[in-house]
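Below you'll find the structure, written out as structure tokens, and then a few comments.
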Amino acid sequence: MKKTMSLTGPWLITALMSVYALPGHSEIVQTTLKNGLKIIVQEDHRAPVVVSQVWYRAGSVDELNGKTGVAHVLEHMMFKGTKAVPAGQFSRQIATAGGKENAFTSKDYTCYFQQLEKSKLPLSFKLEADRMANLQITDAEFAKEIEVVKEERRWRTEDKPQSRVNEQFESSLYRAHPYGRPVVGFMNDLENMTAEDAREWYRTWYAPNNATIVVVGDVKAQDVFKLAAQTFGKLAAKPLPARKPQVEPVQLGERRAIVKAPAKLPYFVMGFHAPALKNGQSYAEQDWEPFALEVLSSILSGNDASRLSQKLVREQAIALEIDTGYDSTNRGQTSTFEVAASPSEGVSQEALQKAIWAQIDEIKTNGVTAAELHRVKAAVIAADVYKRDSMFYQAMQIGQLETLGYPLSLLQNNASRVQAVTSEQIQQVAKKYLIPEQMTLVSLDPQPMDPNFKPAGKPHQH
Amino acid sequence: MNVFTLIKTMLLAFVLLGFAGASHAALNIQRWTTAQGSAVYFVENHSLPMMDVSVNFSAGSAFDLPETSGLAALTHHVMALEAGGLSEETLTNRFADIGAVLGGSFDADRASFKLRTLTAEQAAALTAFNLVLHKPDFTQSVLAREQGRIVSALQEAETEPDSIAQKAFMRSIYGMHPYSQDQNGEISTVQALRAEHLRQFYQTHYTAQTAVIAIMGDVTTEQAKQIAEQLSAGLPQGPAVAPVPPVATLSAPTVKKLPHPAMQAHILIGQPGNLRGDPDFFPFYVGNYILGGGGFVSRLTEEVREKRGLAYSVYSYFMPMSQLGPFQIGLQTKKEQADEALKLVRDTVQQFVDQGVTAKELAAAKDNLIGGFPMRIDSNSKILEYLNMIGFYKLPLDYLDSFNQRVAAVTVQQVNDAFKRRIHPEHFATVIVGAE
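Protein sequences, first through last, are from chains A and B.
Using this note's numbering, you'd call the opening residue of the first sequence number 1 and step up by one each time.
Using this note's numbering, you'd call the opening residue of the second sequence number 463 and step up by one each time.
Here it is as structure tokens:
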């Protein structure tokens, strides 16, 4: 369904650039217009199609308290018309051209895209340039769409116990950093949001100098640059607000929270503050810890034979599901290493947590094996080839890296940096970051399915 | 997240994008039959140093008996875990060590396994893949553990409003037909399954004669022939399984209201729809784009979401199967307005059936479906999915080549006639989970 929202962070990560020279693939080329808009093109001539994406460096990380969710609400409003292209017509014109379109909002960015037959790229640029500068947000359209967004929140979060846990987990982990707030926004903030809040967001962040165009497909880069100059090139740059550093205060001990909701399976997330790869001016080739954390995550839960799954799901059968997560790249410059799991019937959450700690401690003490490191390397090499089967995915990687503030050369050297990770480095990051005093643990306490059940606390106003 | 999770995410995305559709004139599908009788569909393409292969069987949940419901899914699931006397860990790592990905899919009609591998690692990847298909172990310890996991998942599903709604809806439209069964089975039937059941099901349903093999990517015809022969030769021998029985149409409306503490009501309405190779396939395909399949430009989205803000998602779809698959309309909306939204959806569908589509709507639908054709086959993954579908449902080899022509040929009258003749809102099944 259109207008989706990415609740997970960017899934960019380790699977980047090709070590092969693949036929039909050219270099990534880019240019910047005078108004500050950057255009990046990856020619791919395997099929007569094109993916066009517009990335805005504006996500929930840029929101203020009381207005959470406004980045995502604006994403919805972007389909509600300009003077030249009235409400609903953007989608109709793309549909008539045979295209698919959608948009998504994350903590770090908002992205709009179309997938089209290659000759239709001018339509995409014309429409996107128009709504980059000329969006009209009427009170009437806003009043309807905010109800849609509230339904979206009910569907994604309110009625899904594990989503509730994840939301509580982020809120518990981050006391000050905006990563603690949900992308979709709190219900209270959606209920009190106004059309003017959305307009203000649009005026502040929607500008060519805060955006990147990514095009992948059966096109010539120079033609794309020319087309961009003719369309987006007419738009004026805007002064952008200063973005202040948002540094999470040091955590001074373990944190725990419980979520009660109607469900059957217990579930918990345990997580730790962890560094992100430094971006912008601070980007450095010797910044190795994020790569070590990526590899650690893969070795713990990359596939069904990885340590946590093999030992705890398969051999000991004390977990039904177990997974780890870590994103090395983001704008917020702080990340999380997390483990999410459901214990098997008759196994307590505490027992499973203890078993997870035992696996982490094993790595701290003895490191990982050469075979495990080899497996991660094999996956990265293969992913470099497999990703070429999807133009959309290639465009996603480029757009994320650029928007998050990393050089595109990371696409080239990511695999070698992953491969350079040693067992000792993995031990080091495990010992440094995965420690009990720094744990945040949020557990789902399943409640009976009483239709009259209401969660404790202040009910939402309707 | 990590590299392995990434790959899974990618594959999932391909599956979702790869649904429904066609191909372009330059797509040269080669077809032949192996010595053991497996049908093979192959498209050669050397632009990427990788290959995909999948093998499909008539081994979906429609082949379960009521008393062993869940057997087909459990067989498919456990086959991927243990084979050839290797430990689970060893088998998984045979794939992981070379960056190969073992996947698969399962529905009421079909169980399939899929392998994606680099060309350079093809031999080792196929050896492991052949083990999965030819030498499943079904050991008691693994089986018992997986039964426990599935039972827990079924228990959790009993608390989820979307799962509850889907299960009740399938019961309502299919009655005692095997399509009514939960694909994963019932808690009591799954618990009662034994390794013998799985071995028997494997021997009778994963046979060479019924297998449909699809190969896509960086191999020559000669290599593809060898690959297919090896895949086919190690499969059990046996006669074709009895086909899925025909589906009865609904003769009276039903309404199921199920309580749930969720904030939203989950609403499903519909009836048995159409089948693969159906003479009305294209009129329904184009017509449903207008009704509720065309994302933002469909009538249902326009009425329910765009005009009134009643739901985030509202849709209709036909899922053609070997017999009549579901025609389903769904939405979620806050409980207080569930009645209003349901009435609106009913009125919209009724009007669609009564008054039909306009020439302008039909033209816009065709523009999208025909103009979007190049995106249907722009990746190896999508082409592989078409090979699977064409092969498994015995669709004509020119299905993709003639797709645009057949969409273009659909008339207003054909759409209106097909809906009027076969879609009966007065007999729809309705399920509301979280009714007030």
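All residues carry an ideal CB built from backbone N, CA and C; glycine is no exception.
Using 9 Å as the limit for Cβ to Cβ distance, is residue i near chain A?
i, result
"H886 of chain B", "no"
"P723 of chain B", "yes"
"S841 of chain B", "yes"
"F758 of chain B", "yes"
"Y774 of chain B", "yes"
"R607 of chain B", "yes"
"V563 of chain B", "yes"
"E506 of chain B", "no"
"M512 of chain B", "yes"
"V613 of chain B", "yes"
Below 7 Å on C-beta distance, what does residue i contact in chain B?
i, result
"Q359 of chain A", "Those within 7 Å of Q359 of chain A in chain B number zero; the least Cβ separation is about 15 Å."
"Q115 of chain A", "M837"
"I381 of chain A", "G561"
Taking CB distances under 9 Å as the criterion, tell me whether residue i reaches chain B.
i, result
"Y386 of chain A", "yes"
"I137 of chain A", "no"
"F79 of chain A", "yes"
"I322 of chain A", "no"
"E145 of chain A", "yes"
"G367 of chain A", "no"
"V216 of chain A", "no"
Just curious, the alpha helix (DSSP H) that residue i is in, first and last residue?
i, result
"K432 of chain A", "S423 to Y433"
"Y848 of chain B", "N842 to F854"
"L588 of chain B", "Q584 to H596"
"Y747 of chain B", "F743 to N750"
"T666 of chain B", "A657 to H667"
Which residue wins for smallest C-alpha separation from residue i, given the options the options?
i, options, result
"N303 of chain A", "A:I322, A:L293 and A:I318", "A:I322"
"Q628 of chain B", "B:P741, B:Q645 and B:V811", "B:Q645"
"D624 of chain B", "B:Q813, B:F854, B:A727 and B:K797", "B:A727"
"F575 of chain B", "B:E823, B:V759 and B:A521", "B:A521"
"L793 of chain B", "B:T495, B:H508, B:V893 and B:T579", "B:V893"
"F591 of chain B", "B:R607, B:A558, B:E618 and B:R611", "B:A558"
"T96 of chain A", "B:G833, B:N866 and B:L862", "B:G833"
"G69 of chain A", "A:N192, A:F125 and A:S163", "A:N192"
"D680 of chain B", "B:R493, B:L580, B:V563 and B:A821", "B:L580"
"V517 of chain B", "B:H886, B:G853 and B:P640", "B:G853"
"L293 of chain A", "A:K264, A:S282, A:F337 and A:Q281", "A:F337"
Name the two residues that bound the continuous beta strand (DSSP E) containing residue i.
i, result
"Y641 of chain B", "Unbroken run through Y641 of chain B: none, as it is neither H nor E."
"R607 of chain B", "Not the beta strand (DSSP E): R607 of chain B falls in the alpha helix (DSSP H), residues Q602 to A619."
"A573 of chain B", "A573 to L580"
"M439 of chain A", "From DSSP, M439 of chain A is part of no beta strand (DSSP E); its letter is neither H nor E."
"G565 of chain B", "V563 to F568"
"W357 of chain A", "Here W357 of chain A belongs to no beta strand (DSSP E); instead the alpha helix (DSSP H) covers Q349 to N366."
Identify, in the order they occur along the chain, each residue of the same chain with its Cβ nearer than 6 Å to the Cβ of residue i, setting aside the five sequence neighbours on each side.
i, result
"G818 of chain B", "N878"
"R633 of chain B", "S642"
"F648 of chain B", "Per the sequence shown, residue 648 of chain B should be read as Glu rather than Phe. S531."
"F392 of chain A", "V51"
"E248 of chain A", "Y174, A176, H177 and T334"
"G81 of chain A", "A87 and Q136"
Among the residues of its own chain, which have a CB less than 8 Å from the CB of residue i, if the five just before and after it don't count?
i, result
"A497 of chain B", "E691, S694 and A695"
"Q438 of chain A", "Q251, E254, F272 and H273"
"E544 of chain B", "E550, L553, P598, D599, F600, T601 and V604"
"V313 of chain A", "D304, A319, L320, E321 and I322"
"P436 of chain A", "E254 and W357"
Determine the chain A residues that contact residue i at a beta-carbon separation under 7 Å, and present them in chain order.
i, result
"T795 of chain B", "E151"
"S864 of chain B", "By Cβ distance, chain A contributes nothing, its closest Cβ being about 18 Å from S864 of chain B, past 7 Å."
"Q617 of chain B", "K264"
Counting only Cβ pairs nearer than 9 Å, list the residues of chain B close to residue i.
i, result
"P262 of chain A", "T621, H722, P723 and A724"
"V429 of chain A", "Result: empty, since nearest Cβ-Cβ is about 14 Å, beyond 9 Å."
"M391 of chain A", "D840 and S841"
"E196 of chain A", "Here the premise fails: no neighbours, minimum Cβ distance about 19 Å."
"G88 of chain A", "F758, V759, E764 and E768"
Leaving out five residues before and five after residue i in sequence, what residues of the same chain have Cβ atoms less than 7 Å from its Cβ?
i, result
"H596 of chain B", "G696 and L697"
"T810 of chain B", "R761, L762 and E765"
Name, please, each residue of chain A whose Cβ falls closer than 8 Å to the Cβ of residue i.
i, result
"D829 of chain B", "A95, T96, A97 and G98"
Show which residues of chain B have a CB atom less than 8 Å away from the CB atom of residue i.
i, result
"H374 of chain A", "D559"
List, in chain order, every chain A residue whose beta-carbon is nearer than 9 Å to that of residue i.
i, result
"I752 of chain B", "Under the 9 Å cutoff, chain A gives no residues; its nearest Cβ is about 11 Å from I752 of chain B."
"G610 of chain B", "A317, L320, S344 and E345"
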